[in-house]
Structure formats: C-alpha cells, structure tokens
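Taken in order, the sequence shown gives residues -8 to 308; the numbers are from my numbering.
Here a beta-carbon is modelled for each residue, glycine too, at the ideal position from N, C-alpha and C.
Since the structure comes first, as structure tokens, the remarks are kept for the end.
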Amino acid sequence: MRIGQNPAKAAKEVPLPERITVAVLNYLPVLSGYYAEGLDVLKACLTSARTSAGLPFDLMVFDNGSCPDVQAELVRMHQAGEIQFLILSEKNLGKGGAWNIIFSGAPGELIAYADSDVLFSPGWLARSVEILETYPNVGMVTARPFRTPERYSSATIAWAEQTPEAHYEIGQFLTWEEFSSFVLSLGTSLEQTKEWYGGGGDMRTNFKGVRAQIGASHWQFLSRKSILLDYLPFSMDRPMGQVRMLDERMNAKGYLRLMTVDPLAQNMSNTLPAELRGSRPPVRPAQAGSLAARITALPPVRRMLLGLYDKIFRLYN
C-alpha cells in the first residue's frame, strides 16, 4: 500500500535542456603504456569544450568501458556539475554502438560530437553553428580545416560549383603550420606530411558572407539530431575502422560537409600538448638521451616492443 503522495507530483515545471548537446566519447581501458596520459588528455578536452564554446550547451560524456579510475573521475566531475549527462558502459560497444546511444539519447536539437582527444579553441561551437545555420542542407561541420578525400564531399563540391552565391575557389589556403599540426598529430611522418602539403590544395566557399572549407570528419563535428537519427542504427563489428560510414552516408544523401576556415579544434592523440603541461615533464619510460631510450628508439626494437605491448593489451582487454 502506498504511504502518502509522491512529492514529485507537486512540481509545476522541470528545467529544459540546452538547445545544443556537446557529446564526448571516451575509452581509456588502462592508464599506462599508450594510455598513460589519457586521463589528462580527457580532462583537457572537457575543460576546453566547456570554457571556449561561445554558446550555452549541455555536456554529455559516454564512457565506453574505461577502467575504474577513469569512471570514478567522470562520476566526480558529474557530481561537481562539470558534466550534465554521464553514461558509463560496462563494456566497449565500439564507436558505432556508442553513437547509437549518444545520437538517440542526446536531448539537444543540435549535437556537437567529439572524440575525447579533441582540444578546442575559443569560439569553436559558435563558429560551427554559424556555418550550420547559414548554409543550406548542412549535414556536418567540423571545427578545423584540413584536407579530406574529395569522394566524401562530392555533393558539397557539386553544390559549390553550381551555386553562384557560393563563391567557390580552390587554392593552397592552409599554412604549413595549420596543415602539419593536424596531420603530424595522426602519426604521419614529416616526409609524408610535406609531400601531401605540396601536392594538394584546399576547396573553400563564401556563402552569405560566411566562409567555410569543404570537407568534414567523424572525429569531430556538429550536426542536427534529426539528421543523425536517420542513420541509426550503426552496425559496426569492430571498435574502430568503420567510422567512415557516416561520412559516406552524409555525402550519398547530398548533405553539405563543411569546416571552419580557422583551426578551432586540434587532435591531441594520446599526449597532453606542451602548452598545457606546465612544468610537468612528459610521461616517458626513459629519458630521451639515455642508452635505454636510444635502444628502444631503434626501428626493429620499437616494432618488437609495440607488438609485445599490443599482445598484452589484447590479452587483458
């Protein structure tokens, strides 16, 4: 038998979510080896998102089966009001499985997605929204310019070429610093980066006074929830490797895929940037000039050690 009445029935209204949900996907199975600086990188991502957006939003974090220490820190941040919506998964569902939950569960009309190694710069969200709401039929807006394969943006290129108001132009608009800072963060060699920079160009458009670079990426993007729901469910049988599916589907449906012309988001990968490190030295297994460091830097030894680490990681995870 019920005793008394539920006090919640007396509530006349509930707080509404913000129009924009910033959703970050995180996976840190351990805090050693490749992931040694992972928690610092995650904190830098969330802090930069909160402090430099330029627009109000709710922050959602989906943790894809991280280790207990990481999940405990996320719970602390949620209780402190730094995260509005927190989902902790017992297991790694892969990026597709996480997207299914994030895109359907995010309360905002607009969803700004990011991997947990993205470092944001001031105005990243406001500038992205400006492009989304100025250009027609936009599917994705990424908050930094870089060169992406043209086959994923053929619909955007066709629109720009056929729309006189778009002021379409091709050239080498990215500086070497803007180009290399992103490409090198992906683990690309300096020689290959130089080759790509000299052998390619950028496609840009200016529509109604708002400039944008053609292209976008599943790594970080802003989209409308109504658009993303059309692509659910994502069926991915591997945690990584099939994320291009969203890029392909967006392009196939004719949506524009655009980027800001200024680098307002950067890939940190697994290492905290020097400017955020302060006086702390980087996490290293040996000093750079030591004999151990020189030996482990030798390509055959490095390949052997990385292969061993990969086998151990797979065994325990």
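Can you tell me whether DSSP reads Asn17 as helix, strand or coil?
Numbered from its first residue, the sequence shown carries residue 17 at position 26. Three-state result, Asn17: strand.
Beta-bridge pairing of Asn197 - partner residues as DSSP gives them:
Mapped onto the sequence shown, residue 197 falls at position 206. Asn197 pairs with Arg202.
I'd like to check one pair, Met131 with Met(-8): are the Cβ atoms closer than 8 angstroms?
Working through the sequence shown from its first residue, we reach residue -8 at position 1. Working through the sequence shown from its first residue, we reach residue 131 at position 140. Contact: no.
Please classify Tyr104: does DSSP put it in a helix, a strand, or coil?
The sequence position of residue 104 within the sequence shown is 113, counting from 1. Looking at Tyr104 - three-state DSSP - the assignment turns out to be strand.
Could you give the first and the last residue of the continuous alpha helix (DSSP H) run that contains Ala243?
Along the sequence shown, read from residue 1 onward, the residue named residue 243 stands at position 252. That run of the alpha helix (DSSP H) goes Arg235 to Ala243.
Per DSSP, what kind of secondary structure is Ala279 in: helix, strand or coil?
Here residue 279 corresponds to residue number 288 of the sequence shown, with the count starting at 1. With a pLDDT of 44 at Ala279, under the threshold of 50, the modelled position of this residue cannot be trusted, and the question is left open.
Nearest neighbour of Ser63, chosen from Pro20, Arg41, Ala89 and Ala103 [CA to CA]:
On the sequence shown, residue 63 is found 72 positions in, with the first residue counted as 1. The sequence shown places Ala at residue 63, rather than the Ser named in the question. Checking every option, the nearest Cα to that of Ala63 belongs to Pro20.
Range covered by the beta strand (DSSP E) that runs through Asn258
As a working note, residue 258 is residue 267 in the sequence shown. Its beta strand (DSSP E) spans residues Ala256 to Asn258.
Residue from Trp150, Ala27, Val15 and Val201 with nearest C-alpha to Val120
In the sequence shown, counting from the first residue as 1, residue 120 sits at position 129. Of the listed residues, the one whose Cα sits closest to Val120 is Val201.
With DSSP collapsed to three states, give me the class of Met(-8).
Start at 1 with the first residue of the sequence shown, and residue -8 comes out as number 1. Reduced to three states, the DSSP call for Met(-8) is coil.
Assign Ser23 to buried or exposed, taking buried as 16 or more other Cβ atoms, counted over all protein chains shown, within 10 Å of its Cβ.
As a first step, residue 23 is located in the sequence shown; it is residue number 32 there, counting from the start. Its Cβ having fewer than 16 others within 10 Å, Ser23 is exposed.
From the DSSP output, in three-state form, read off Met231 for me.
On the sequence shown, residue 231 is found 240 positions in, with the first residue counted as 1. Any reading at Met231 must be qualified, since the residue scores a pLDDT of 48, below 50, and its modelled position is unreliable; no value is offered.
Can you check DSSP and say which residues form a bridge with Val109?
Within the sequence shown, the letter at position 118 stands for residue 109. BP columns for Val109 point to Asn258.
Asp49 - partner residues in DSSP beta bridges:
To locate residue 49, count along the sequence shown from 1; it is residue 58. DSSP, once it has assigned bridges, lists Thr12 as partnering Asp49.
For the beta strand (DSSP E) that Arg215 lies in, which residues bound it at each end?
Residue mapping note: residue 215 aligns to position 224 of the sequence shown, counting from 1. Gln211 to Arg215 is the span of the beta strand (DSSP E), which, as asked, contains Arg215.
Which residues mark the beginning and the end of the beta strand (DSSP E) in which Ile161 is found?
Residue numbering aside, residue 161 sits at position 170 when the sequence shown is read from its first letter. Per DSSP, Ile161 belongs to the beta strand (DSSP E) from Glu160 to Gly162.
Could you tell me which residues DSSP pairs with Val5 in its beta bridges?
For the purposes of this step, residue 5 is taken as the residue at position 14 of the sequence shown. Beta-bridge pairing links Val5 to no other residue.
Spatial neighbours of Ala279 within its chain, please: CB distance less than 8 angstroms, with the 5 preceding and 5 following residues excluded, ordered by chain position.
Taking the sequence shown and counting its residues from 1, the one referred to as residue 279 is at position 288. Interpretation of Ala279 is limited by its pLDDT of 44, a score under 50 that renders its predicted location unreliable; the figure taken from the coordinates is listed afterwards. Counting only Cβ-Cβ distances below 8 angstroms, and skipping sequence neighbours, we find nothing.
Whole angstroms are fine: how far does the CA of Arg138 sit from the CA of Phe311?
Nothing about residue 311 can be reported from this structure: the residues present for the chain run from -8 to 308 only.
Please return the same chain residues whose Cβ sits closer than 7 angstroms to the Cβ of Gly162, not counting the five positions on each side in sequence.
In the sequence shown, residue 162 corresponds to position 171, counting from 1. Cβ neighbours of Gly162 beyond the five flanking positions: Gly192 and Asp193.
Which whole-angstrom value describes the C-beta separation of Ala105 and Val15, a residue pair presumed to lie in contact below a C-beta threshold of 8 angstroms?
Counting from 1 along the sequence shown, the entry for residue 105 is found at position 114. Counting from 1 along the sequence shown, the entry for residue 15 is found at position 24. Sure, about 5 angstroms apart at Cβ, within 8 angstroms.
Measuring alpha carbon to alpha carbon, tell me which residue in Pro59, Ser176 and His69 is nearest Glu81.
Reading the sequence shown from its first residue, position 90 is the one you call residue 81. The shortest C-alpha separation from Glu81 is found at Pro59.
Thr133: first and last residue of the uninterrupted beta strand (DSSP E) it sits in
Position 142 of the sequence shown, counted from the first residue, corresponds to residue 133. Element bounds for Thr133: Val129 to Thr133.
In this structure, how does DSSP classify Arg138 when only helix, strand and coil are distinguished?
Position 147 of the sequence shown, counted from the first residue, corresponds to residue 138. Residue state, collapsed to three classes: coil.
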